[in-house]
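Data block below; observations after.
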Amino acid sequence: MRIAIASGKGGTGKTTVSVNLALSLENVQLLDCDVEEPNCNLFLGHPLQKVEDVGIQVPAISKDKCTSCGKCAEACRFNALAVLLTGVILFPKLCHGCGACSIACTKGAISETIQVIGSIERSASHTHGIELYQGVLNIGEPMASPIIRTLKGHIDNSRTVIIDSPPGTSCPVISSITGADYCILVTEPTPFGLHDLMLAVDLVKDLQLPHGVIINRYGTGNDGVEDYCSENSIPVLMKIPYDIRIAQLYSEGTPFVLRMPHWKDRFQDTFRQLQELTGRF
Ligand code: SF4
Ligand code: SF4
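Numbering-wise (numbering that gives the first Met the number 0), the sequence shown opens with residue 0 and increments by one.
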């Protein structure tokens, strides 16, 4: 089963849920798709090894062959090319590597070259039975989705796969959660949490993904999230209380199920609930 953990905004406890759920189950592959800031391993401490670089194909333009006709810039949906009398300028950070410009150029002036934007790493050991993969987007690179797609190419379907998605509702989130059997949306019981949860619910509905909610820091804020879930028949899978002990362990980088083992039972119960909801085991 593939379980995606997502949230409409950052800081709700998405990684906390991903890591603690992973530690509560057996034979788990954990994919950290939050490639701008992969932090699952801050809590696991696995030694990591690089698996591969990830690159996108960007155009290389031959000044000798280019006639400045402008067809490549017209074909580029991302405004990554500007055509001047003196030739074509590429803005590499805007380039999505789609290849449309090379198809549009009838003068054979465009070839393609690989621009490395990040890498894939995996845990060298399977401590706690978890195989961790993480994507790393190089600093200054804007496009996370190619890294996430490459990362998901390493999914091992013989394991329970937990996908820690980036926060928000943009393209990298869609790349991360697409293909999941179930999406857990982590939120907090505040008006901000509710607002961003509603955006995330719209997204998973558009993607037709079965989904439920885990409320973190339960006991703060108000009842807005619970009322919304009830009115929209969204299952609340778990409530993690606003608890000083959990907060202390978090600040030490210790997953709370390792020190509060009764929480493993709670996560295992939630997993069984997902199995029943999805019919996948
Ligand atoms: S389409 Fe080809 S020839 Fe025309 S401006 Fe672009 S690179 Fe130059
Ligand atoms: S590869 Fe695509 S995004 Fe990049 S410059 Fe060409 S048309 Fe634009």
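Quick reminder that beta carbons are idealized off the backbone N, C-alpha and C, glycines included.
Exercise. DSSP beta-bridge partners for Val289?
Worked result: Since the first residue shown for the chain is 0 and the last is 280, residue 289 is missing from the structure and cannot be characterised.
Exercise. When you compare each of Leu150, Ser122, Glu275 to Asp180 by their alpha carbons, which one comes out closest?
Worked result: Taking the sequence shown and counting its residues from 1, the one referred to as residue 180 is at position 181. With distances taken between Cα atoms, Asp180 lies closest to Glu275.
Exercise. Beta carbon of Leu83: closer than 6 Å to some heavy atom of ligand 2?
Worked result: On the sequence shown, residue 83 is found 84 positions in, with the first residue counted as 1. For Leu83, the shortest separation between its Cβ and any heavy atom of ligand 2 does not lie below 6 Å.
For this session: Could you pull the start and end residues of the alpha helix (DSSP H) that Met288 belongs to?
Result: A query on residue 288 cannot be resolved here, the shown segment of the chain reaching from 0 to 280 and no further.
Exercise. Can the beta-carbon of Pro188 be found closer than 7 Å to that of Gly211?
Worked result: The residue labelled residue 188 in the question sits at position 189 within the sequence shown. The residue labelled residue 211 in the question sits at position 212 within the sequence shown. Cβ distance not < 7 Å, so Pro188 and Gly211 don't count as in contact.
Exercise. What is the DSSP secondary structure of Cys97, counted as helix, strand or coil?
Worked result: Counting from 1 along the sequence shown, the entry for residue 97 is found at position 98. In this structure, Cys97 counts as coil in the three-state DSSP scheme.
For this session: Report whether the distance from the Cβ of Pro58 to the nearest heavy atom of ligand 2 is below 6 Å.
Result: Taking the sequence shown and counting its residues from 1, the one referred to as residue 58 is at position 59. Within the chosen limit of 6 Å, ligand 2 reaches the beta carbon of Pro58 through at least one heavy atom.
Exercise. Does at least one heavy atom of ligand 1 sit under 6 Å from the Cβ of Cys71?
Worked result: Start at 1 with the first residue of the sequence shown, and residue 71 comes out as number 72. Shortest gap from the CB of Cys71 to any heavy atom of ligand 1: under 6 Å.
Exercise. Is there at least one non-hydrogen atom of ligand 2 closer than 6 Å to the beta-carbon of Phe42?
Worked result: Counted from its first residue, the sequence shown places residue 42 at position 43. Ligand 2 has no heavy atom closer than 6 Å to the beta-carbon of Phe42.
For this session: Could you tell me whether the segment 47-66 touches the segment 196-216, using the rule of 3 or more Cβ pairs below 8 Å?
Result: A contact between stretches requires three or more CB pairs, one per stretch, nearer than 8 Å, and the segment 47-66 fails this requirement with the segment 196-216.
Problem set entry | Complete runs of the beta strand (DSSP E) confined to the segment 103-164 [at least 3 residues] | Within the segment 103-164, the complete beta strand (DSSP E) segments of 3 residues or longer fall at 109-122, 129-136, 159-163, listed in chain order.
Exercise. Nearest CA to the CA of Phe270: which residue from Ser6, Glu25, Gly12, Ala5?
Worked result: Counted from its first residue, the sequence shown places residue 270 at position 271. Proximity to Phe270 across Ser6, Glu25, Gly12, Ala5 peaks at Glu25, based on C-alpha coordinates.
For this session: Out of Ser144, Ala108, Ser122, Asn19, state which residue places its alpha-carbon closest to the alpha-carbon of Val34.
Result: Sequence index remark: in the sequence shown, residue 34 carries index 35 (1-based). Here the closest residue by C-alpha is Ser144.
Exercise. Could you check where the alpha helix (DSSP H) with Asp31 kicks off and where it finishes?
Worked result: Here residue 31 corresponds to residue number 32 of the sequence shown, with the count starting at 1. Per DSSP, Asp31 belongs to no alpha helix (DSSP H); it is in the beta strand (DSSP E), 27-31.
Problem set entry | Segment limits, alpha helix (DSSP H) that includes His261 | What you label residue 261 is simply residue 262 of the sequence shown in a count that begins at 1. Start and end: 261-277.
For this session: Could you tell me if Gln28 is buried or exposed, where buried requires 16 or more neighbouring beta carbons within 10 angstroms of its beta carbon?
Result: Numbered from its first residue, the sequence shown carries residue 28 at position 29. Gln28 is buried by the Cβ-count criterion.
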